[in-house]
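Peer 1:
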């Protein structure tokens, strides 16, 4: 008889993915259930749960674990706009130095990216590709800027245009730079967001850009949201503020990623 796939001895990463996927659907799980499903000892399961708790995917409970619901929590754009305004303005100012007349750049969603848009309205012969309604609002009507706004439906929390239409509209659209933000960031876990659909559009912008710039204030470090946008290794430059954890900054620089402290 052919062995059932879930009875095959899994590697640790496969077990971790199984546990995460199960929790996304069922919200909680028992150690005994996982031991039977994964065909490993309860000791091994507890070690897996400990590692996933360290990575902030779950919270261990008596006899099992529950999903870390904070992965899916996302403040509205208006709520985020009022936070860390000094840091965001400084990060945006550093990012604006990279944008010169005549360039073609992509700008995704986020309050810091929105501030960046407000700083480049004096550029000339600039083409901006974006899936963010707020960015388009900042730049529309300025004679020196040609604006390309994707289609798609709007996520009210972030003013992002998402979905298949947004993704397809970016086919064959290439830029020199892409600027984007994230809800969570670490050198090991990469950049994450609560929305899978939004992450997919941002990833398309990233894939089509020569130089990838992440704008993340210090509060985003060490946090993980539900879905990874990209791994840190796919980012060329990180612009953050002086309160960013030094160990994370050092780790990024050791990996060849430029870190600019605003």
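Residue numbers (our numbering): 188 to 449. We put the CB at the ideal spot given by N, CA and C, even for glycine.
1. In chain order, what are the residue ranges of uninterrupted alpha helix (DSSP H) at least 4 long that sit wholly in the segment 298-331?
2. Can you find the residues in the same chain that come closer than 6 Å, C-beta to C-beta, to residue 308, ignoring five residues on each side of it along the sequence?
3. Should residue 311 and residue 275 be called a contact, given that it needs their Cβ atoms to be closer than 8 Å?
4. Evaluate residue 248 with the Cβ neighbour count: other Cβ atoms within 10 Å of its Cβ, from every protein chain shown; 16 or more gives buried, anything less gives exposed.
5. Counting C-beta neighbours from all protein chains within 10 Å, is the total for residue 221 16 or more, i.e. buried, or is it exposed?
6. In whole angstroms, what separates the C-alpha of residue 357 from that of residue 391?
7. With residue 273 as the anchor, note down where its alpha helix (DSSP H) starts and where it stops.
8. Going by alpha carbons, who is nearest to residue 427 out of 227, 338, 367?
9. Start and end of the alpha helix (DSSP H) containing residue 209?
10. Which residue wins for smallest C-alpha separation from residue 375, given the options 420, 206, 369?
11. When the Cα of residue 290 is compared with those of 324, 282, 363, which residue comes out closest?
12. Could you pull out every residue in the same chain whose Cβ sits closer than 6 Å to the Cβ of residue 411, ignoring the five residues on either side in sequence?
13. Where does the unbroken alpha helix (DSSP H) through residue 346 begin, and where does it stop?
14. Checking 8 Å against the spacing of the C-beta atoms, do residue 272 and residue 294 come in under that value?
15. From what residue to what residue does the alpha helix (DSSP H) around residue 225 run?
16. Using the Cα positions of residue 197 and residue 232, report the straight-line distance between them to the nearest angstrom.
17. Going by DSSP, what residues sit across from residue 424 in a beta bridge?
18. My output table needs one value for residue 296: the three-state DSSP class, helix, strand or coil.
19. How far does the beta strand (DSSP E) with residue 253 in it extend, from its first residue to its last?
20. Would you list the residues sitting across from residue 392 in a DSSP beta bridge?
21. Just to check my reading of the structure: residue 414 and residue 383 have Cβ atoms closer than 8 Å, yes? What is that Cβ distance to the nearest angstrom?
22. Grab me the residues of residue 340's own chain with a C-beta within less than 6 Å of its C-beta, minus the 5 sequence neighbours each way, in chain order.
23. So, with DSSP's three-state summary, where would you put residue 240?
24. Out of 241, 203, 332, point me to the one whose CA is closest to residue 227's CA.
Peer 2: To lay it out plainly:
1. Listed in chain order, the alpha helix (DSSP H) elements of length 4 or more contained wholly in the segment 298-331 are 298-306, 320-326.
2. Here the question's residue 308 lines up with position 121 in the chain shown. Within the same chain, and ignoring the five residues on either side of residue 308 in sequence, the residues whose Cβ sits closer than 6 Å to its Cβ are 329.
3. To locate residue 311, count along the chain shown from 1; it is residue 124. To locate residue 275, count along the chain shown from 1; it is residue 88. Contact flag unset, no.
4. By one-based count along the chain shown, residue 248 stands at place 61. By the neighbour-count rule (16 or more Cβ atoms within 10 Å), residue 248 is not buried but exposed.
5. Here residue 221 is taken as the residue at index 34 of the chain shown, counted from 1. With at least 16 other beta carbons inside 10 angstroms of its own, residue 221 counts as buried.
6. Within the chain shown, the letter at position 170 stands for residue 357. Within the chain shown, the letter at position 204 stands for residue 391. Near 7 Å, if we compare the C-alpha coordinates of residue 391 and residue 357.
7. By one-based count along the chain shown, residue 273 stands at place 86. Segment 272-283, the alpha helix (DSSP H) holding residue 273.
8. Numbered from its first residue, the chain shown carries residue 427 at position 240. Of 227, 338, 367, the residue nearest in Cα terms is 367.
9. For the purposes of this step, residue 209 is taken as the residue at position 22 of the chain shown. Counting along the chain, the alpha helix (DSSP H) containing residue 209 begins and ends at 199-213.
10. Position 188 of the chain shown, counted from the first residue, corresponds to residue 375. Looking at the Cα atoms, 420 is the closest of the given residues.
11. Walking along the chain shown from the start, residue 290 turns up at place 103. The closest CA to that of residue 290, considering only 324, 282, 363, is found on 363.
12. Mapped onto the chain shown, residue 411 falls at position 224. Listed in chain order, the non-local C-beta contacts of residue 411 below 6 Å within the same chain comprise 243, 371, 376, 379, local neighbours out to five positions each way being set aside.
13. Position 159 of the chain shown, counting from 1, holds the residue named residue 346. That residue, residue 346, is in no alpha helix (DSSP H); it is neither H nor E in DSSP.
14. Within the chain shown, the letter at position 85 stands for residue 272. Within the chain shown, the letter at position 107 stands for residue 294. No.
15. Residue mapping note: residue 225 aligns to position 38 of the chain shown, counting from 1. 218-225 is the extent of the alpha helix (DSSP H) around residue 225.
16. Residue 197 sits at position 10 when you count from the first residue of the chain shown. Residue 232 sits at position 45 when you count from the first residue of the chain shown. If you take the alpha carbons of residue 197 and residue 232, they lie about 12 Å apart.
17. Your numbering for residue 424 matches position 237 in the chain shown. Answer by DSSP bridge pairing, in chain order: 400, 445.
18. To locate residue 296, count along the chain shown from 1; it is residue 109. Correct three-state label for residue 296: coil.
19. To locate residue 253, count along the chain shown from 1; it is residue 66. DSSP places residue 253 in the uninterrupted beta strand (DSSP E) bounded by 251-254.
20. Start at 1 with the first residue of the chain shown, and residue 392 comes out as number 205. Residue 392 is not bridged to any residue.
21. Here the question's residue 414 lines up with position 227 in the chain shown. Here the question's residue 383 lines up with position 196 in the chain shown. Contact flag correct, Cβ pair sits at about 5 Å.
22. Working through the chain shown from its first residue, we reach residue 340 at position 153. Contacts found: 350.
23. One-based indexing of the chain shown puts residue 240 at position 53. Helix at residue 240.
24. Here residue 227 refers to the residue found at position 40 of the chain shown. Of 241, 203, 332, the residue nearest in Cα terms is 203.
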